[in-house]
Every structure is written in structure tokens, then in C-alpha cells.
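Notes for the one structure printed next.
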Amino acid sequence: EPGTDDLVKEEKLMINQGILSDIGSTYHDIAGKYGDMLESDYIDGGLYFTFENSPAAYYFMDDEGNSSNPTPADDALCFCMDVAAGNLFDNFNASQETSDLEEALDVTMEISFSEMNETYMCSFEYNGCDILINMEESETTIDENSAVRVFDHELKQKL
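Residue numbers (this note's numbering): -12 to 146.
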């Protein structure tokens, strides 16, 4: 039938698999994908690395579960990344309700309040990753700039 190929597909809210696939990748592969390392620094007791064109900050570990210091070996694995919600999720509005994400990703989120940071957090598991989102003052809304930490569930157990 004429015109059926011209139908506009609804832009579905989803996790950017290109970014999520960085978890478990080697330092060599991530540097090849995003360019030269720009910066490394410590946050929350861990050493992170950013690259020329990377959407996130990456944490690496060796075979024994030691985090990389000062520069990861080429075969060090990315076990964690920090990324803005707007970068991790495709078709993310300026802000999204947690219920929208739960429905789109078919996950159940746990929402908690961090007394230490005085912020709301939501967490869920997705494709072998633990995903934690800092929601600041809101119990139900995630902003495009909300900080997201993604852990490889199995690699995290080695730490």
C-alpha cells in the first residue's frame, strides 16, 4: 500500500546501547572509540578517566579487581561509568518521570532518599548493569543533567 513506508515511527525512550556497551569494554577499545584521554581524577574514592569525545567518565579495573592507577593497562575493563541522563537515554525529554522510564524499559525502580547527600536516588537493573540515578530534590522526576552511575553487576562484585 502506498505511503506505508513513510509512516513516522514513534521515538521510544530507551537506553543508548552504544554507550551502555562501553561497560565491560577495555581501556584500549574505549580510547579507540572516543579518542585520547583528556583527564583523570578521583571522585568518591575512585579514579575516573574522560576522553576527547566521550559522553561519560569511565572507571577501569584489572584482572584482580584493582582499580587502575595512574593509567589503565590496555586490557583493563570498564566496570563503571558516570554519565548524564540525557546522554544515557535516547529520546529523553528535558525531564522524565520515573514511571515513564519504568514502562519504556520494563523495569522496576527502587526510589530512596540519601540522608548523607540529601537527595533522592532511583536504582534498577538492566542487562547485567546496576543503574543509579541522582534525582536531586524530586521523588519522581529525572532531569536530563541528572547524574547516572552505571556498574557492571558482575565486575562490581570483584571490588
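Where is the CB? At the ideal position from N, CA and C, for every residue including glycine.
These numbers were taken from a predicted model, which means no experiment stands behind them.
**Q.** C-alpha distance - E97 paired with S110, whole-angstrom precision
**A.** 5 Å
Q. Does DSSP classify I40 as helix, strand or coil?
A. The residue asked about is misnamed: residue 40 is Asn in this sequence, not Ile. Three-state DSSP puts N40 in coil, outside helix and strand.
Q) For N121 and chain B, any beta-carbon pair shorter than 7 Å? A) Any reference to chain B falls outside this structure, which holds one protein chain only.
Q) Excluding the five sequence neighbours on either side, which residues of its own chain have a C-beta within less than 6 Å of the C-beta of F100, listed in chain order? A) Y107
Q) Can you give the beta carbon distance from V94 to I10, rounded, assuming they're within the 8 Å contact cut? A) Incorrect: roughly 16 Å between the Cβ atoms, too far for contact.
Q: Evaluate T85 with the Cβ neighbour count: other Cβ atoms within 10 Å of its Cβ, from every protein chain shown; 16 or more gives buried, anything less gives exposed.
A: That one is buried.
Q) Looking at the structure shown, is I2 part of a helix, part of a strand, or coil, going by DSSP? A) Strand, per DSSP.
Q) Where do the N-terminal and C-terminal ends of the alpha helix (DSSP H) with I17 fall, by residue? A) 14 to 21
Q: Reducing DSSP to helix, strand and coil, say where S125 ends up.
A: In the structure shown, the three-state DSSP call for S125 is coil.
Q: Below 8 Å on the Cβ atoms is my guess for S12 versus C65; work out the distance and round it to an integer in Å.
A: 5 Å
Q: Please list, in chain order, all residues of the same chain as D62 whose beta carbon is under 6 Å from its beta carbon, the five residues on each side excluded.
A: T13
Q. So what does DSSP say about G73, is it helix, strand or coil?
A. helix
Q.
Comparing C-alpha positions only, which one of E51, G5, L34 sits nearest to Y21?
A. G5
Q. Cα-Cα, which of S133, M68, T37 is closest to D117?
A. M68
Q.
Bridge partners for E112 per DSSP, in chain order?
A. Beta-bridge pairing links E112 to D117.
Q: Return the residue from the list F76, M103, L142, G115 that minimises the CA-CA distance to A134.
A: F76
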